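J.:
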Amino acid sequence: MLKLGLIPLDERPCNEQYPRKIGEIADAEVITPPRNMLGSRREVGDFRQLDDWLESAAGELDGLVVSLETFVYGGLIPSRISHDSLEECLHRLEALRRIKQKHPELTIYAFNVVMRISNSNINEEEPLYWSEYGKLIWAYSRLAYRVDFLGMAEEGQERDAVRSQIPGHVLEDYLARRSRNHQVNLAAIDLAADGTIDYLLLTQDDTSEFGFPNQEQHALREKISALGLEDRVLIYPGADEVGMVLIARHLNRIYGKRPRYFARYSSVRGPLITALYEDRPLAESVKGQIFGCGGLLVDSPQDADIILMLNTPGDSQGEAPLQATVRTVDTSARNLPEFAAAMGYYQSRGYVVACADVAYANGADLKLVPLLKREVALEKLDGYAAWNTAGNTLGTVVAHAAVRFLAREAGLGLGSELAHLEFLLLRFADDWGYQGVVRTELGLEVLPKLGIPIFQLGDAWEQVQEMAASRLEALMNEFCKESIIEKVLKTGHKVADVKFTNIHLPWKRLFEVGLEVEVEVEKA
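Count along the sequence shown starting at 1, add 3, and that's the number in my numbering.
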């Protein structure tokens, strides 16, 4: 069995558990450092222990995927709040060169984010001063980019007015951290140029069309182009899904495959919308995720191995918890029944078929899932996701579909099939069941009545976790009874039972959920 190493972005399920499942589908073991080395939320990981783990594991690995956020800063949130010097960070980064020199045959994939800028006054994942100045810093970033980079001098007075409302020491701290992280990204490109890093993804965490991140992207692209690294260093929107994408990329390489994807949208405007928290048309994000995974976007189903079905809004993306009142998604400019029927058609033609549900950010389209139950053989669906940002969803589905294609081509058996079905049901449980239904119910109805703040659960987190677990388990049991139980898989086995266990709130907040899925089968 192939063995791949992963130093994840942090210890949350999306960054640690999901990539392991992607590996299992293609008969590969993905090993990660023990969780106590990774830190948690604002707690920094243990750099010395991570170094030691990598030194001891590298010799037995077929490939290595490294989050530079964890390796250099101690985690995603520490990268936004820490005060470690640039010199300390570059010294940690240099450890990859030592690993490559000792193990020159080891393929090293690395990823790092272009630091986000949150348009809110919530400091849960930001410096503490974000609670007071977050929106002002975001506004200043937007205006400074438009004035200083794009030359829109007419907005200079507004830029200066916003800047005057931010204390000098606050802005100095924020800009110094941005500069430090940008210098680390530039140094990572140098490691790609000298062959230390074989493939590098610099993904853009939550952003918009204008701001400091866009200016940094420009400088990064200029360096990538000057060094001729366009095929080995990519920039596109994403963060938490990148571990899966790079695991899938390495598996494509090992299996000698380059999956071909045809993208089919539920709305005419779908390819051209700019998703929430992103900075480019959706079709460009699709290209980036597919290319990052080692695949290729093609222009017709006849040329494709994989049909990537994209549920997109009619006019513009909405927030899933608010979809009962959003009027820009389910419009006359999209046709969901036809979209679901097309998925069933492509299944009947023998394609690998996977669905990226990006009509809303942060959860599933509640009008789509009932149609999928009617029109699509869910037990044979090759991927589904609808979580967080469009980039998170796209990367998950693209990676999942890639390893399903590899498993089919290699004739992998029941172990691969079970790993796939468990991950597919994990996606429906998380993205539809939790994000689309349970979290919305808790956040908009249940917790306000109980007087529990939805962003700070405090001592009530265990009570909320119990409520979430009970509701989600019941919801998914009913889902499986309707759509999965007694269905016959491609291996000829029948689904006898599905168990959803260890349902928990990993960061003691509502935003994400963790759970385990176990599928039991019997001979049909």
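Just so it is clear, CB atoms sit at the ideal spot from N, CA and C, and this is done for glycine as well.
Please read these numbers as outputs of a predicted model, since none were measured by experiment.
Run through DSSP, which three-state label would residue 358 get?
T.: Three-state result, residue 358: strand.
J.: Take the Cβ of residue 7 as the centre, count every other Cβ of all protein chains shown within 10 Å, and call the residue buried at 16 or more, exposed below.
T.: Residue 7 should be labelled buried.
J.: Does the distance from the C-beta atom of residue 288 to that of residue 394 stay below 7 Å?
T.: Yes, Cβ-Cβ distance for residue 288 and residue 394 is below 7 Å.
J.: How is the alpha helix (DSSP H) around residue 152 delimited, first residue to last?
T.: Per DSSP, residue 152 belongs to no alpha helix (DSSP H) and is neither H nor E.
J.: List the whole-angstrom C-beta distance separating residue 410 from residue 24, where the pair is believed to meet the contact cut-off of C-beta under 8 Å.
T.: Not a contact, Cβ separation roughly 12 Å.
J.: Hey, how far is the Cα of residue 86 from the Cα of residue 523?
T.: Roughly 49 Å between the two C-alpha positions.
J.: Just the C-alpha distance for residue 29 and residue 408, rounded to the nearest angstrom, thanks.
T.: Using only the alpha carbons, I get a separation of about 9 Å.
J.: On the CB-based measure, 16 or more other CB atoms within 10 Å of its CB, does residue 316 come out buried or exposed?
T.: Its Cβ being crowded by 16 or more others within 10 Å, residue 316 is buried.
J.: Taking residue 505 as part of the beta strand (DSSP E), name the residues at either end of that continuous run.
T.: Its beta strand (DSSP E) spans residues 496 to 507.
J.: Three Cβ pairs or more, each shorter than 8 Å: is that satisfied between the stretch 233 to 240 and the stretch 376 to 389?
T.: At 8 Å Cβ cutoff, the stretches do not touch.
J.: What's the gap between the Cα of residue 66 and the Cα of residue 81?
T.: If I take the Cα positions, the gap works out to 26 Å.
J.: For residue 115 versus residue 191, is the C-beta distance shorter than 7 Å?
T.: Result yes, Cβ atoms of residue 115 and residue 191 sit closer than 7 Å.
J.: Quick one: which unbroken beta strand (DSSP E) runs of 3-plus residues sit fully inside the stretch 302 to 343? Chain order, please.
T.: Listed in chain order, the complete beta strand (DSSP E) runs (minimum 3 residues) inside the stretch 302 to 343 are 309 to 314.
J.: So what's residue 137 in DSSP terms, helix, strand or just coil?
T.: Helix at residue 137.
J.: Since residue 266 is in the beta strand (DSSP E), which residue starts that stretch and which ends it?
T.: Here the beta strand (DSSP E) through residue 266 covers 263 to 268.
J.: To the nearest angstrom, report how far apart residue 242 and residue 208 are at their CA atoms.
T.: Rounded to the nearest angstrom, the two C-alpha atoms are 6 Å apart.
J.: In angstroms, rounded to a whole number, what distance separates the CA positions of residue 292 and residue 239?
T.: When rounded, the distance between both Cα atoms is 8 Å.
J.: According to DSSP, is residue 8 part of a helix, a strand, or is it coil?
T.: In the structure shown, residue 8 sits in a strand (DSSP, three-state: E or B).
J.: Beta-carbon within less than 6 Å of residue 34's beta-carbon, same chain only, minus the 5 sequence neighbours each way: which residues are those?
T.: For residue 34, where only same-chain residues beyond five positions count, the Cβ hits under 6 Å are 8.
J.: Which residues in the same chain as residue 321 place their Cβ atom closer than 7 Å to its Cβ, once the five residues preceding and following it in sequence are excluded?
T.: Excluding residues within five positions, the ones whose Cβ falls inside 7 Å are 329, 331, 332, 363.
J.: Hey, out of 255, 511, 335, whose CA is closest to residue 5's CA?
T.: Checking every option, the nearest Cα to that of residue 5 belongs to 255.
J.: Within the continuous alpha helix (DSSP H) that includes residue 521, where are the two ends?
T.: Unbroken run through residue 521 is the beta strand (DSSP E), 517 to 526; no alpha helix (DSSP H).
J.: State buried or exposed for residue 413, treating a residue as buried only when at least 16 other CB atoms are found within 10 Å of its CB.
T.: So residue 413 counts as exposed.
J.: Is it right to say residue 3 is buried, meaning 16 or more other beta carbons lie within 10 angstroms of its own, or is it exposed?
T.: Since the first residue shown for the chain is 4 and the last is 527, residue 3 is missing from the structure and cannot be characterised.
J.: Whole angstroms are fine: how far does the CA of residue 267 sit from the CA of residue 27?
T.: Near 28 Å, if we compare the C-alpha coordinates of residue 267 and residue 27.
J.: Is residue 359 near residue 272, with beta carbons less than 7 Å apart?
T.: It is not a contact, given that the beta carbons lie outside the stated cut-off.
J.: Which partner residues does residue 284 have in the DSSP bridge list?
T.: Paired residue(s): 277.
J.: With distances taken Cα to Cα, identify the nearest neighbour of residue 275 among 290, 459, 262.
T.: When each option's Cα is compared against that of residue 275, the closest is 290.
J.: Does residue 132 come out as helix, strand or coil in the three-state DSSP assignment?
T.: It is coil, neither helix nor strand.
J.: Whose CA, out of 110, 137, 149, 45, lies closest to the CA of residue 169?
T.: Answer by Cα proximity: 137.
J.: With hydrogens ignored, establish whether the beta-carbon of residue 444 is closer than 6 Å to any heavy atom of the ligand HEM.
T.: This structure simply doesn't include the ligand HEM, nor any ligand for that matter.
J.: Looking at C-beta atoms only, is the number of pairs between the stretch 61 to 80 and the stretch 457 to 466 that lie closer than 8 Å three or more?
T.: Not touching, per the Cβ criterion.
J.: May I have a chain-ordered list of the beta strand (DSSP E) segments no shorter than 3 residues that lie completely inside the stretch 49 to 107?
T.: Fully enclosed beta strand (DSSP E) runs of 3 or longer: 66 to 70.
J.: Under 8 Å, with one C-beta from each stretch per pair, do the stretch 466 to 485 and the stretch 422 to 438 reach the 3-pair mark?
T.: Verdict: yes, contact present.
J.: Would you kindly work out how many angstroms separate the C-alpha atoms of residue 496 and residue 309, rounded to a whole number?
T.: Going from the Cα of residue 496 to the Cα of residue 309 covers about 24 Å.
J.: Could you spell out where the alpha helix (DSSP H) holding residue 248 opens and where it closes?
T.: Run containing residue 248: 245 to 258, per the alpha helix (DSSP H) assignment.
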